[in-house]
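S.K.: In the numbering used here, the protein residues as written are 235 to 423.
Just dropping this structure here.
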């Protein structure tokens with residue numbers, strides 16, 4: 235991975251560990267008018283965060299996340315208290331196989347895989363400390379995986395483009411091409 239990737243990973247993890255409560259979301263367009271922050275996921279329980287965390291699947295297979303968090307105090311695994319992974323993306327996106335596994339896993343358990351794209355930071359991805367000591371920090375995201383789908387802000391790819399996860403190769407190619415075309419991923423050297 236690039237030096238920018240490693241630096242951003244350290245910064246985001248330190249930010250997550252510093253504050254107890256987090257609000258992950260995005261800003262609605264138009265950017266120049268009232269900037270309404272739309273919340274995707276509010277983490278009100280204190281989370282424990284790690285980097286390069288292996289997440290075990292079945293039969294000895296695992297996925298390694300750049301940043302992974304789970305509630306420190308709540309043992310329940312629900313939509314209110316999901317597992318949260320953050321992938322820092324600079325020049326490389328998931329392989330097709332890893333992407334399919336993440337979609338399937340998010341369909342079966344409360345797992346949110348958020349993407350922090352370095353090429354569009356801080357315009358579309360950034361972190362902001364809480365305004366008050368008991369407030370929520372804000373983590374601005376544009377894309378994530380949840381409920382077995384890939385999302386751009388609050389819209390599933392299925393609804394946006396008519397491409398279904400049941401055709402995994404077409405689904406993956408559409409997402410990868412859109413991310414590259416929109417400047418979310420830098421070409422690798």
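Every residue, glycine too, gets a C-beta built ideally from N, C-alpha and C.
1. Skipping 5 residues on each side, what residues in its chain have a beta carbon closer than 8 angstroms to that of residue 298?
2. Would you call the segment 358-377 and the segment 326-346 touching, i.e. three or more CB-CB distances under 8 angstroms?
3. Among the residues of its own chain, which have a CB less than 7 angstroms from the CB of residue 258, if the five just before and after it don't count?
4. Here's the rule I'm using: 16 or more other beta-carbon atoms within 10 Å means buried, otherwise exposed. How should residue 352 be labelled?
5. If you draw a straight line from the alpha carbon of residue 404 to that of residue 360, how long is it in whole angstroms?
6. Does the segment 392-407 come close enough to the segment 333-344 to have 3 or more Cβ pairs within less than 8 angstroms?
7. Quick check on residue 327: does DSSP put it in helix, strand or coil?
8. Going by beta carbon distance, what residues of the same chain come within less than 7 angstroms of residue 256, once the five residues before and after it are set aside?
9. Less than 7 angstroms between C-beta atoms, sequence neighbours within five positions excluded: which residues of the same chain meet that for residue 413?
10. Would you call the CB atoms of residue 271 and residue 281 closer than 8 angstroms?
11. What are the uninterrupted segments assigned as beta strand (DSSP E) that are 3 or more residues long and contained completely in the segment 303-375, given in chain order?
12. Residue 322 to residue 293, Cα distance in whole Å?
13. Just to confirm my understanding: we take residue 386, look at its own chain, exclude 5 residues before and 5 after, and list those with CB closer than 7 angstroms. What are they?
14. So residue 302 packs on residue 284, CB below 8 angstroms; how close in whole Å?
15. Among all the DSSP beta bridges, which residues are the ones paired with residue 390?
16. Nearest to residue 368 by CA position, among 241, 240, 254, 238, is which residue?
17. Going by other Cβ atoms of all chains shown within 10 Å of its Cβ, with 16 needed for buried, is residue 305 buried or exposed?
M.R.: So, from the listed chains and residues:
1. 286, 287, 288, 289.
2. Short answer: they don't touch.
3. Closer than 7 angstroms at the Cβ level, and outside the excluded window around residue 258, lie 274, 275, 348, 373, 375.
4. buried
5. 30 angstroms
6. Touching, yes.
7. coil
8. Contacts found: 250, 277, 370, 371, 373.
9. The answer, listed in chain order, is 327, 419.
10. no
11. 317-323, 345-351, 360-362, 371-374
12. Distance between the alpha carbons of residue 322 and residue 293 is about 27 angstroms.
13. 376, 377, 394
14. 6 angstroms
15. 385
16. Among 241, 240, 254, 238, the Cα nearest to that of residue 368 is on 254.
17. buried
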